[in-house]
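The sequence shown begins at 1061 in this note's numbering and counts up by one.
Using N, Cα and C, we set each Cβ at its ideal position, and we do this for glycine too.
Here's the structure, in structure tokens; my notes come after.
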Amino acid sequence: MSSVFRKEEMDFTKLPVYAQRNFVPARADLLDVKEVLALYAKLEERVIGSAKELERWLLDRSELEAALSQVGSILYIRMTCQTDDKDIAGAYTKFIETVSPAIKPVNDRLNHKYLALAKQFPLDRNRYEVHDRAIRMDVDLFVEANVPLQTKVELLSQDYQTVSGAMTVNFEGQEQTLPQMGKYLLETDRALREKAWRATAERRLKDKDKFEEIFGELFTLRNAIARNAGAKNFTEYQFKSYHRFDYTPDDCKRYHETVEQFIVPLNGMIAQQRREEMKLKNLRPWDGAVDPLGRKPLKPFEKAEQLIAGTQTIFNKVDPQLGREFKEMQDLNLLDLANRKGKAPGGYQNTLSEARKPFIFMNAVGVDDDIRTLLHEGGHAFHALASAADPLLDYRHAPMEFCEVASMAMELIGGRYINTFYSEEDTKRSNREHLEGIIQVLAWVANIDAFQHWLYEHPQHSADERRQAWLGFYEQFGGKFIDWTDLTEVKAYLWHRQLHIFEVPFYYIEYGIAQLGALQVWRNAKKDPKKALADYRRGLALGGSRPLPELYKAAGIKFDFSEGIIRPLMEAVTEEWQKLV
Ligand SMILES: [Zn+2]
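Here's what the structure looks like:
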């Protein structure tokens, strides 16, 4: 599948204007650090004499932040749409290296100014409560001495990407990247799968010491950052820096326990079914991705246009309003879906914060996953549109624990109409794969999260203790269903593949929490699709203006990841799964 990159389409200047600017001059060059800092200086120097003026000041700050965010988004989108253009890549890097760090200290000063003024001229408590607690937390955590340490952390994260991205293997006569090697795991020829899997695993092991070293340095820096900020440990620091106001490390630990009790056994059930269908004595690490009945991979469409047309049909059926919104995205050139040479891997949704429009990027090649990816990113896009009316930028996006409800729920609700692409048999197969994937991810999230809690609660641990700890968690959360004979060394460093541990520590539990929210939306939709969808949209419309439990409540679901929620949900999931095998 291929398409042509057209620079003029990634221009975005022709997007409809959402709101006229009040503070930022129309012709301001926001790529110029001096101009940007001059605008910030105006905000910093402005004299405020009333609550009304303070509110105006907040909105002007928000307008500037939205305009800057959009400039950054456009540079990022262009770069990912054409990674082989040096000018485009250079423009993005320059923005990240100049404008972004320059505004960090100013932002801290503006936060201080705001908190002082808000005491003098109190604003509507209910409206600003969520905004204010975030500002207070940022002020609390900001320490000048941490700025250079954070830059070092960012550079080390890049090292992780460089080492990961550079790994290739020679296989079947050609040099292949590790993501490219993934396709062999779908091959029905077991010997070929094993060979490809072993080649990949051996290649990773070669760089094991590099990864250990990068992690060791990151670990030391993070503990120092936490100490500088006066936190008990890095766990506490990071919970604050992610603005996790509505749950604690102890809640996460309860999630781990509940997963072990109610979700890990389901993984055992799925593994046993697979083993029987494949007529194997043991499942080995290369047996998990292939179709257990030996069928060829699903081929739902050929061209990106067909993916768009089919997904349009699905959204129309889910909700005509969402259907119209997706159609508008096509008309405004806000989709870049087809895989082509020079495009960055993966998929994402990015919001153009000033135009208040979403953009979807992905690499469709005609496989089942592509449909789920577009449904997922579509959910994020509907979220951006639903909350677009709020004048405050901070309230136009929700915390990740709810953003991923919007997207994952859409995978499930939209999945009800996936027969748009498939025969009855293939529909069942696609939905089964999806459901099994969800159960596996819920356990993997607990595995990764439990390991990270252990790491930062043991700041003095040795490399060998870390290895033992990982192996323990891996067994506990489902590793025992796979036969790792003669592969202990590979198993011991599996976590090296999880970029979150290196780049965004503790950012992972969000997927587990949100998936439980999405499953609740799905269960509601089975009972009463109309009401479930109206609730879903009501939750999305709140953006980030309320605390998490209220966002969940508005969407007709509970912000809760304890046994009371997990147990009945897993019963519903098991019942559904049994219909599909
Ligand atoms: Zn997402």
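Separation of residue j from residue i, as counted between CA atoms
{"i": "Asp-1219", "j": "Leu-1209", "result": "15 Å"}
{"i": "Pro-1417", "j": "Thr-1411", "result": "Sequence check: residue 1417 is Lys here, not Pro. C-alpha separation (whole angstroms): 6 Å."}
{"i": "Ala-1469", "j": "Ala-1615", "result": "11 Å"}
{"i": "Asp-1145", "j": "Phe-1386", "result": "29 Å"}
{"i": "Asp-1562", "j": "His-1521", "result": "Looking at the sequence provided, one finds Phe at residue 1562 rather than Asp. About 17 Å."}
{"i": "Pro-1325", "j": "Asp-1524", "result": "29 Å"}
{"i": "Ser-1467", "j": "Leu-1170", "result": "33 Å"}
{"i": "Leu-1611", "j": "Val-1319", "result": "24 Å"}
{"i": "Met-1460", "j": "Gln-1366", "result": "30 Å"}
{"i": "Glu-1635", "j": "Thr-1143", "result": "45 Å"}
{"i": "Trp-1582", "j": "Ala-1503", "result": "19 Å"}
{"i": "Lys-1403", "j": "Asp-1620", "result": "39 Å"}
{"i": "Arg-1527", "j": "Arg-1185", "result": "49 Å"}
{"i": "Gln-1236", "j": "Thr-1228", "result": "5 Å"}
{"i": "Ser-1413", "j": "Asp-1071", "result": "15 Å"}
{"i": "Pro-1609", "j": "Thr-1308", "result": "14 Å"}
{"i": "Ala-1256", "j": "Asp-1267", "result": "18 Å"}
{"i": "Leu-1090", "j": "Val-1159", "result": "9 Å"}
{"i": "Leu-1531", "j": "Ala-1415", "result": "48 Å"}
{"i": "Ala-1349", "j": "Glu-1157", "result": "40 Å"}
{"i": "Met-1422", "j": "Met-1389", "result": "14 Å"}
{"i": "Glu-1317", "j": "Gly-1624", "result": "13 Å"}
{"i": "Glu-1262", "j": "Leu-1103", "result": "55 Å"}
{"i": "Ser-1062", "j": "Lys-1639", "result": "Note on Ser-1062: pLDDT 41, under 50, position unreliable in the model; no value is reported."}
{"i": "Leu-1343", "j": "Ile-1542", "result": "5 Å"}
{"i": "Ala-1079", "j": "Asp-1249", "result": "58 Å"}
{"i": "Gly-1242", "j": "Arg-1606", "result": "41 Å"}
{"i": "Arg-1314", "j": "Ala-1111", "result": "43 Å"}
{"i": "Leu-1515", "j": "Ala-1448", "result": "39 Å"}
{"i": "Thr-1260", "j": "Arg-1597", "result": "43 Å"}
{"i": "Gly-1439", "j": "Arg-1492", "result": "21 Å"}
Supposed close pair residue i, residue j - CB separation, criterion 8 Å
{"i": "Leu-1358", "j": "Arg-1489", "result": "7 Å"}
{"i": "Val-1199", "j": "Asp-1168", "result": "7 Å"}
{"i": "Ala-1458", "j": "Gly-1603", "result": "6 Å"}
{"i": "Ala-1601", "j": "Ala-1446", "result": "5 Å"}
{"i": "Arg-1193", "j": "Phe-1305", "result": "6 Å"}
{"i": "Leu-1177", "j": "Leu-1114", "result": "5 Å"}
{"i": "His-1494", "j": "Gly-1475", "result": "6 Å"}
Where residue i sits in the DSSP three-state scheme
{"i": "Gln-1234", "result": "strand"}
{"i": "Met-1061", "result": "Only weak support exists for where Met-1061 lies, its pLDDT of 42 falling under 50; the value from the coordinates is given anyway. DSSP places Met-1061 in coil when its eight states are reduced to three."}
{"i": "Met-1422", "result": "strand"}
{"i": "Thr-1411", "result": "strand"}
{"i": "Asp-1267", "result": "coil"}
{"i": "Thr-1228", "result": "strand"}
{"i": "Val-1529", "result": "The sequence given here places Ala at residue 1529; Val does not occur at that position. Residue state, collapsed to three classes: helix."}
{"i": "Lys-1417", "result": "strand"}
{"i": "Asp-1092", "result": "coil"}
{"i": "Ala-1398", "result": "strand"}
{"i": "Ser-1217", "result": "helix"}
{"i": "Lys-1403", "result": "coil"}
{"i": "His-1303", "result": "coil"}
{"i": "Arg-1432", "result": "helix"}
{"i": "Ile-1355", "result": "The question names Ile, but residue 1355 is Arg in the sequence shown. In the structure shown, Arg-1355 sits in coil (DSSP, three-state: anything other than H, G, I, E or B)."}
{"i": "Asp-1391", "result": "helix"}
{"i": "Val-1505", "result": "helix"}
{"i": "Ala-1458", "result": "coil"}
{"i": "Leu-1452", "result": "coil"}
{"i": "Trp-1582", "result": "helix"}
{"i": "Ser-1122", "result": "helix"}
{"i": "Glu-1337", "result": "helix"}
{"i": "Val-1641", "result": "coil"}
{"i": "Glu-1362", "result": "coil"}
{"i": "Arg-1187", "result": "helix"}
{"i": "Asp-1144", "result": "coil"}
{"i": "Phe-1375", "result": "helix"}
{"i": "Gln-1298", "result": "helix"}
task = Output the residues surrounding ligand 1, defined as those with a CB atom closer than 6 Å to any ligand heavy atom, in chain order.
result = So the residues near ligand 1 by this Cβ test are His-1436, His-1440, Glu-1464 and Ser-1467.
request  = Give a yes or no on contact between the segment 1499-1512 and the segment 1272-1290, applying the rule of three or more CB pairs nearer than 8 Å.
outcome  = Short answer: they don't touch.
ask   = Just checking, does the segment 1121-1136 make contact with the segment 1083-1099 on the three C-beta pairs under 8 Å criterion?
value = Verdict: yes, contact present.
query = Does the segment 1324-1344 come within contact of the segment 1393-1404, defined as at least 3 CB pairs closer than 8 Å?
reply = Under the Cβ criterion (8 Å, minimum of three pairs), the segment 1324-1344 does not count as touching the segment 1393-1404.
ask   = With contact counted as at least three CB pairs below 8 Å, one residue from each stretch, are the segment 1371-1381 and the segment 1427-1442 in contact?
value = The segment 1371-1381 is in contact with the segment 1427-1442.
query = Do the segment 1564-1572 and the segment 1290-1305 meet, that is, are 3 or more Cβ pairs less than 8 Å apart?
reply = The segment 1564-1572 is in contact with the segment 1290-1305.
query = Counting Cβ pairs, one atom from each stretch, are 3 or more of them under 8 Å apart for the segment 1095-1103 and the segment 1155-1173?
reply = Under the three-pair Cβ rule at 8 Å, the segment 1095-1103 counts as touching the segment 1155-1173.
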